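Data block below; observations after.
In UniProt numbering, the protein residues as written are 1 to 873.
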């Protein structure tokens with residue numbers, strides 16, 4: 001197997017027993033040299049790149065290797081459409097009427113098709129409908145052909161307005177036997193590119209079927225063909241005439257549908273023929289059973305000009321009801337350098353209608369997140385009445401009345417997913433789900449019936465929508481929802497939708513209450529309107545100074561100002577509520593030398609949940625040699641599941657690597673966290689890797705977690721100081737933090753691991769992240785209290801706009817790798833401050849203090865929390 005540097009870790013390279021890197025798949029010399037180095041006996045050219053290159057076939061033979069395919073001479077003859085046409089005429093194969101390029105344009109019977117003599121795949125082809133269009137069309141086709149094939153020779157043929165693309169699979173051996181393996185229909189094309197193929201070709205008139213089968217065998221015999229080949233025809237549905245188009249001297253992309261209906265393995269036959277064996281079957285032995293349909297999944301936005309798409313696939317789930325030949329898996333980067341085909345979904349059933357229904361189901365079950373594919377378009381095509389009614393012609397798809405799916409189903413599923421999580425967490429367990437905490441509540445409605453009023457409004461994408469999420473006939477099983485702090489990514493009926501998180505500035509008039517609220521704490525510099533003023537959409541209503549930047553507050557829609565609730569110099573108030581991410585059971589206990597019994601740890605988690613903590617991080621799947629206190633992490637999760645049911649799997653767990661992630665997956669955990677360092681020394685001491693190496697290590701971990709449907713949080717430690725390196729540059733922290741978020745983490749927690757930061761440091765770091773495009777809504781803070789600054793730092797972060805705070809009950813904590821790191825910010829101290837500011841946390845402070853006092857008794861020492869000491873004493 002050969003691969004380029006970019007494909008070194010691609011599935012085909014990893015699956016091979018031996019893989020060789022080449023500079024390019026089109027480099028004949030490099031590919032042949034790789035084959036020789038590998039010790040191979042033969043070269044299979046696949047069905048792209050050099051597969052129909054006669055020079056490559058010659059080079060393989062000259063190197064003493066076997067080329068799996070026809071001879072170079074046959075590739076040369078049949079690869080050129082002009083020469084293939086001559087051979088077809090000699091073999092008695094019907095050909096389409098043609099013209100010479102120098103014929104008088106006025107004498108041609110339009111429309112005509114101008115096409116490259118040297119290639120295929122839809123390149124170098126133009127449809128011409130008048131003499132006036134011909135010169136420009138020829139020039140454009142020649143230009144494209146030169147670029148694609150290095151040859152600008154052209155053919156001009158009659159253009160069949162309503163034609164079907166029918167092709168015959170042939171297979172020949174070196175002993176003179178040529179068989180047909182029945183026919184296929186590939187008429188569902190877009191701009192001469194096949195999209196959906198099926199076998200056998202449905203509803204072929206008996207005379208046409210006999211013509212294409214017999215003439216395909218005759219043509220292959222005429223040239224002494226060996227191996228797999230395809231003879232393509234155009235059936236004029238207006239006249240019933242059938243014409244030879246071309247012969248492909250390779251295995252076709254769509255060969256799986258032929259394999260399905262015949263039960264033959266075409267690649268195996270190719271290899272046997274190349275090894276000199278006879279085919280070993282007679283024509284009458286080639287069966288034809290049932291019907292097969294194949295859909296090509298491309299990385300393209302079919303509803304917006306079929307533009308190529310690129311990106312990293314975060315989630316890939318192929319259907320179980322179909323054969324899928326693919327080269328895409330989670331974490332794989334898709335570029336635009338090669339053909340955009342990602343895979344082929346193939347179904348086989350007893351007849352066409354059953355196969356079509358099965359393909360619809362398979363496309364419904366196909367999920368690719370991270371980039372857009374044409375799966376939703378394929379689903380609409382296969383499910384359309386026109387395709388269901390029978391064979392279509394080659395022009396149908398370019399004008400087919402297919403309707404782009406709207407996002408109603410996606411929004412409904414996003415709402416259902418959020419509602420399900422809220423139901424599972426009656427205390428409001430925090431999920432970085434992409435919708436603002438404290439956002440506008442709204443009912444969940446199904447078929448006009450209010451199901452629940454504890455959901456959250458998902459803003460409509462179109463103006464004049466009613467703002468309610470109606471599930472209609474949708475259920476969570478109808479699609480795939482991945483929610484992050486940036487929004488929701490949804491696949492429903494094959495179509496991918498990206499729903500941004502709620503934005504108060506982009507709502508329609510009916511989606512909210514008409515209030516414009518400051519997006520972050522700051523100072524009002526100007527108020528530009530007064531009560532009664534009429535404003536236009538996008539008009540500036542005021543200016544807010546925040547994070548050393550001026551932010552213009554603009555009207556999301558036209559209307560009349562009914563009230564102005566701010567004046568120059570005002571400072572918008574603090575938030576109504578924040579989320580506390582409790583880390584006591586993991587970060588708090590990990591540095592304790594006396595091992596805490598697993599039953600006590602489970603009770604600690606349960607007491608914290610009962611006290612109203614929305615998120616309780618349970619443990620870390622780290623090696624016991626490094627953190628003995630957490631050696632019972634598997635047992636703890638199992639115990640929590642037994643005692644709490646499915647809620648026991650909702651507690652976040654830290655996973656340092658892929659092994660830790662596998663343990664989390666095996667135990668059914670739903671939320672994981674990774675832990676990186678901003679400094680080289682701490683990275684080496686903590687993970688035995690450099691900063692860049694730790695990021696590379698995390699990439700497959702995060703990719704796998706996302707593919708499993710998990711939410712991923714990232715920590716970055718040593719944000720302000722390192723005991724070995726001193727003060728840490730802000731830019732260094734931002735670089736590492738951005739990279740962790742770019743891996744796919746939904747939230748980033750900034751850690752003052754040794755507690756040296758001050759409020760000024762916190763503000764500067766948050767400013768830097770904001771300037772780098774990371775908003776406070778994607779950030780959390782994690783402060784240690786070594787120098788007594790943790791509470792002041794939390795207050796600075798709160799004023800800045802952070803809404804998630806890590807804390808440890810009773811002030812437990814430290815760090816096994818940083819001796820100067822003492823106690824985390826005590827959850828009780830943080831709650832006391834927040835409640836005093838009028839900021840809700842959902843925490844019962846009395847119950848929390850009782851929990852920390854209980855844990856202090858378990859540990860045999862008093863809690864370092866000042867609030868615990870005051871209230872418990």
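For every residue, glycine included, the Cβ atom is placed at its ideal position computed from N, Cα and C.
The structure displayed is predicted, hence computed values, not measured ones.
Secondary structure of residue i, DSSP reduced to three states
i, result
"residue 860", "coil"
"residue 328", "coil"
"residue 101", "coil"
"residue 746", "coil"
"residue 344", "strand"
"residue 795", "helix"
"residue 275", "coil"
"residue 721", "strand"
"residue 70", "coil"
"residue 590", "coil"
"residue 865", "coil"
"residue 506", "Residue placement at residue 506 cannot be trusted, given a pLDDT of 42 that sits under 50; the coordinates are not used to answer."
"residue 703", "helix"
"residue 644", "helix"
"residue 1", "coil"
"residue 625", "coil"
"residue 737", "helix"
"residue 472", "Low local confidence applies: a pLDDT of 44 at residue 472 is under 50, so the model's placement there is unreliable, with the coordinate-based value given in what follows. Residue 472 falls in the coil class under three-state DSSP."
"residue 901", "Residue 901 falls outside the range modelled here, since the chain spans only 1 to 873, and no answer is possible."
"residue 595", "coil"
"residue 53", "coil"
"residue 20", "strand"
"residue 237", "coil"
"residue 688", "coil"
"residue 710", "coil"
"residue 482", "strand"
"residue 281", "coil"
"residue 43", "strand"
"residue 726", "strand"
"residue 694", "helix"
"residue 352", "helix"
CB contact flag (residue i, residue j, <8 Å)
i, j, result
"residue 768", "residue 796", "no"
"residue 330", "residue 345", "no"
"residue 376", "residue 340", "no"
"residue 842", "residue 597", "no"
"residue 781", "residue 802", "yes"
"residue 667", "residue 637", "yes"
"residue 368", "residue 358", "no"
"residue 581", "residue 785", "no"
"residue 350", "residue 290", "yes"
Residue of the options minimising C-alpha distance to residue i
i, options, result
"residue 874", "626, 353, 604", "Residue 874 falls outside the range modelled here, since the chain spans only 1 to 873, and no answer is possible."
"residue 98", "82, 106, 92", "82"
"residue 687", "802, 622, 266, 727", "622"
"residue 592", "692, 534, 524, 855", "855"
"residue 114", "158, 80, 195", "158"
"residue 34", "85, 370, 22", "22"
"residue 628", "150, 111, 708, 587", "587"
"residue 754", "696, 716, 635, 183", "716"
"residue 216", "90, 13, 581, 408", "90"
"residue 133", "149, 542, 108", "108"
"residue 193", "291, 306, 129, 206", "306"
"residue 365", "387, 869, 323", "323"
"residue 278", "179, 190, 648", "179"
"residue 618", "274, 651, 646", "651"
"residue 675", "635, 604, 747", "747"
"residue 494", "227, 65, 833, 298", "298"
Supposed contact pair residue j and residue i - C-beta distance, whole angstroms, cut 8 Å
i, j, result
"residue 254", "residue 186", "6 Å"
"residue 620", "residue 589", "The Cβ separation is near 10 Å, so there is no contact."
Closer than 7 Å: residue i CB and nearest the ligand SAM heavy atom
i, result
"residue 696", "The ligand content of the structure shown is nil, which means the ligand SAM is not present either."
request  = Tell me the start and end of each unbroken alpha helix (DSSP H) in the region 743-790 that is at least 4 residues and wholly inside, in chain order.
outcome  = 759-771
task = Could you pull out every unbroken alpha helix (DSSP H) segment of at least 4 residues lying fully inside the region 138-196, listed in chain order?
result = Runs found: none.
Segments assigned beta strand (DSSP E), at least 3 residues, entirely inside the region 365-419 = You should have 367-369.
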